[in-house]
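Visitor: Residue numbers (this note's numbering): -6 to 293.
Where a beta carbon is used, it is the ideal one built from N, C-alpha and C, also for glycine.
Quick caveat, the model's predicted, so the values are computed rather than measured.
One structure coming up, written as structure tokens, with questions to follow.
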């Protein structure tokens, strides 16, 4: 018995330290956080991958999980403004990391600030900064650094391990960026229309430029004049592909491409349909890149 006690006392302190209870907002952030935590712990995920981050109603079980968190890692009110009040009331004792405030990355402005045909969409004001930064692996590298620091501050005994896990994650992101850049290089000049203006960071990183978007960054419904404008672009400018996603739906892509040579494909930037966890982020970006490469390449 004495020998057992002596052996336990000689174990590294990190093995005794409990990681903080971590809550993340969306699946891509959960995936990046899970990569940094590694075997030390598993972060919780507030929104399922198929949920719309712009509009989400907390269930009582969600409120309880949020209240149990010691560290909350979220994109910020620029994406999920509805989460601000629950954080203040339910997780008042938790430390919050707003990734939009993290240092070391290039912020892009929202491209479509005006309402299409005057149709406002209340509650979805992103402000001037486009909040969808996770779609750029270079931004994700900066966010991983902020996540590692926040975890290390909350759990100093394991800070070195978080830093090592973060370094491994950054190496994977470097390889992923190079892989996608090579894949999309041949289709950089192809024209396309987005479902909504939420893919700016992905396009900016890989040299792609949308001819327009069906809806704004918040997914609001387009008006007749905007639909007519896009139809004219598609027919006159030789648009290769009109993308759809779950948020906007397939109907508008079908309307816009009817009678044209443009193809359609569905894209996703939230990890919908993928298993939450460390592998989700890479799988999501690879799937997104494949959709662009296939639709733009096939029609160019």
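Straight-line CA distance for residue 218 to residue 131?
Guide: Residue numbering aside, residue 218 sits at position 225 when the chain shown is read from its first letter. Residue numbering aside, residue 131 sits at position 138 when the chain shown is read from its first letter. For residue 218 and residue 131, the distance between alpha carbons rounds to 37 Å.
Visitor: Please report the residue range of the alpha helix (DSSP H) in which residue 301 lies.
Guide: The requested residue 301 does not occur in the structure, where the chain is confined to residues -6 to 293.
Visitor: Taking the beta carbon of residue 178 as the centre, do at least 16 other beta carbons fall within 10 Å, making it buried, or is it exposed?
Guide: Working through the chain shown from its first residue, we reach residue 178 at position 185. Its Cβ having fewer than 16 others within 10 Å, residue 178 is exposed.
Visitor: Skipping 5 residues on each side, what residues in its chain have a beta carbon closer than 6 Å to that of residue 284?
Guide: Counting from 1 along the chain shown, the entry for residue 284 is found at position 291. Once the five neighbours on either side are set aside, the close Cβ partners of residue 284 are 258, 260.
Visitor: Look at the Cβ atom of residue 171, then the Cβ atom of residue 187, and state whether they are nearer than 8 Å.
Guide: In the chain shown, residue 171 corresponds to position 178, counting from 1. In the chain shown, residue 187 corresponds to position 194, counting from 1. It is not a contact, given that the beta carbons lie outside the stated cut-off.
Visitor: Which partner residues of residue 47 appear in the DSSP bridge assignment?
Guide: Position 54 of the chain shown, counting from 1, holds the residue named residue 47. DSSP output for residue 47 lists no bridge partner at all.
Visitor: Taking 8 Å as the cut-off, decide whether the C-beta atoms of residue 128 and residue 275 are in contact.
Guide: Taking the chain shown and counting its residues from 1, the one referred to as residue 128 is at position 135. Taking the chain shown and counting its residues from 1, the one referred to as residue 275 is at position 282. No, the pair does not count as a contact, with Cβ atoms beyond the cut-off.
Visitor: Do residue 62 and residue 87 have their C-beta atoms closer together than 8 Å?
Guide: Within the chain shown, residue 62 is the residue found at index 69, counting from 1. Within the chain shown, residue 87 is the residue found at index 94, counting from 1. It is a contact, given that the beta carbons lie within the stated cut-off.
Visitor: Can you name the start and end residues of the alpha helix (DSSP H) that residue 26 belongs to?
Guide: Stepping through the chain shown from its first residue, residue 26 is reached at position 33. 20 to 30 is the span of the alpha helix (DSSP H), which, as asked, contains residue 26.
Visitor: Would you identify the three-state DSSP class for residue 232, choosing helix, strand or coil?
Guide: Residue mapping note: residue 232 aligns to position 239 of the chain shown, counting from 1. Three-state result, residue 232: coil.
Visitor: What is the DSSP secondary structure of residue 274, counted as helix, strand or coil?
Guide: In the chain shown, residue 274 corresponds to position 281, counting from 1. Here residue 274 sits in helix by DSSP.
Visitor: Are residue 220 and residue 201 close, meaning C-beta to C-beta below 8 Å?
Guide: Counted from its first residue, the chain shown places residue 220 at position 227. Counted from its first residue, the chain shown places residue 201 at position 208. Not a contact, by the Cβ cut-off of 8 Å.
Visitor: How would you write the range of the alpha helix (DSSP H) that residue 82 sits in, first residue to last?
Guide: The residue given as residue 82 occupies position 89 in the chain shown. Residue 82 -> alpha helix (DSSP H) spans 77 to 83.
Visitor: Go ahead and label residue 94 buried or exposed: buried means 16 or more other beta carbons lie within 10 angstroms of its beta carbon, across all protein chains shown.
Guide: What you label residue 94 is simply residue 101 of the chain shown in a count that begins at 1. With fewer than 16 Cβ atoms within 10 Å of its Cβ, residue 94 is classed as exposed.
Visitor: Who are the near neighbours of residue 109 in its chain, counting only those whose CB is closer than 6 Å to its CB and skipping five residues on each side?
Guide: If you number the chain shown from 1, residue 109 lands on position 116. Note that residue 109 scores a pLDDT of 43, beneath 50, so its modelled location is shaky and nothing firm can be said.
Visitor: Quick check on the burial criterion: 16 or more other C-beta atoms within 10 angstroms. Buried or exposed for residue 281?
Guide: Position 288 of the chain shown, counted from the first residue, corresponds to residue 281. Result: buried.
Visitor: Leaving out five residues on either side along the sequence, give the residues of the same chain with a beta carbon under 7 Å from the beta carbon of residue 59.
Guide: The residue labelled residue 59 in the question sits at position 66 within the chain shown. Cβ within range, chain order: 16, 39, 79, 83, 84.
Visitor: For residue 101, which residues in the same chain have their Cβ closer than 7 Å to its Cβ, ignoring the five residues on either side in sequence?
Guide: In the chain shown, the residue the question calls residue 101 occupies position 108. 123, 193, 194, 197.
Visitor: What number of angstroms, rounded off, separates the C-alpha of residue 116 from the C-alpha of residue 22?
Guide: Locating residue 116 in the chain shown gives position 123, where the first residue counts as 1. Locating residue 22 in the chain shown gives position 29, where the first residue counts as 1. Because residue 116 carries a pLDDT of 39, less than 50, the predicted location of this residue cannot be relied on, and the following value inherits that uncertainty. Rounded to the nearest whole angstrom, the CA to CA distance from residue 116 to residue 22 is 22 Å.
Visitor: Drop a sphere of 10 angstroms on the beta-carbon of residue 296, count the other beta-carbons inside from all chains shown, and report buried for 16 or more, exposed for fewer.
Guide: Examination of residue 296 is not possible in this model, given that the chain is present from -6 through 293 alone.
Visitor: Ordered along the chain, which non-local residues of its own chain (more than five positions away) have a Cβ less than 6 Å from that of residue 182?
Guide: Within the chain shown, residue 182 is the residue found at index 189, counting from 1. Closer than 6 Å at the Cβ level, and outside the excluded window around residue 182, lies no residue.
Visitor: Report yes if the CB atom of residue 140 is closer than 8 Å to the CB atom of residue 185, and no otherwise.
Guide: For the purposes of this step, residue 140 is identified with residue 147 of the chain shown, where counting begins at 1. For the purposes of this step, residue 185 is identified with residue 192 of the chain shown, where counting begins at 1. No.
Visitor: Give every residue of the same chain whose Cβ lies closer than 7 Å to the Cβ of residue 265, excluding the five residues on either side of it in the sequence, and list them in chain order.
Guide: Position 272 of the chain shown holds residue 265. Contacts found: 42, 43, 239.
Visitor: From residue 98 to residue 138, what does the alpha carbon distance come to, in whole angstroms?
Guide: In the chain shown, counting from the first residue as 1, residue 98 sits at position 105. In the chain shown, counting from the first residue as 1, residue 138 sits at position 145. Those two C-alpha atoms are separated by around 11 Å.
Visitor: According to DSSP, simplified to helix, strand and coil, what is residue 39?
Guide: Along the chain shown, read from residue 1 onward, the residue named residue 39 stands at position 46. Residue 39 falls in the coil class under three-state DSSP.
Visitor: Kindly indicate which three-state DSSP category residue 287 falls into: helix, strand or coil?
Guide: Taking the first residue of the chain shown as 1, we reach residue 287 at position 294. Residue state, collapsed to three classes: helix.
Visitor: Please state if the CB of residue 33 and the CB of residue 66 are separated by a distance shorter than 8 Å.
Guide: By one-based count along the chain shown, residue 66 stands at place 73. By one-based count along the chain shown, residue 33 stands at place 40. Cβ distance not < 8 Å, so residue 66 and residue 33 don't count as in contact.
Visitor: From residue 25 to residue 143, what distance separates their C-alpha atoms?
Guide: To locate residue 25, count along the chain shown from 1; it is residue 32. To locate residue 143, count along the chain shown from 1; it is residue 150. Approximately 13 Å, taken between the alpha carbons.
Visitor: Nearest-angstrom Cα distance between residue 268 and residue 18?
Guide: By 1-based counting over the chain shown, the position of residue 268 is 275. By 1-based counting over the chain shown, the position of residue 18 is 25. Answer to the nearest angstrom: the Cα atoms are 15 Å apart.
Visitor: Report the rounded CA-to-CA distance for residue 230 versus residue 204, giving the unit in angstroms.
Guide: Reading the chain shown from its first residue, position 237 is the one you call residue 230. Reading the chain shown from its first residue, position 211 is the one you call residue 204. Straight-line Cα distance between these residues: approximately 9 Å.
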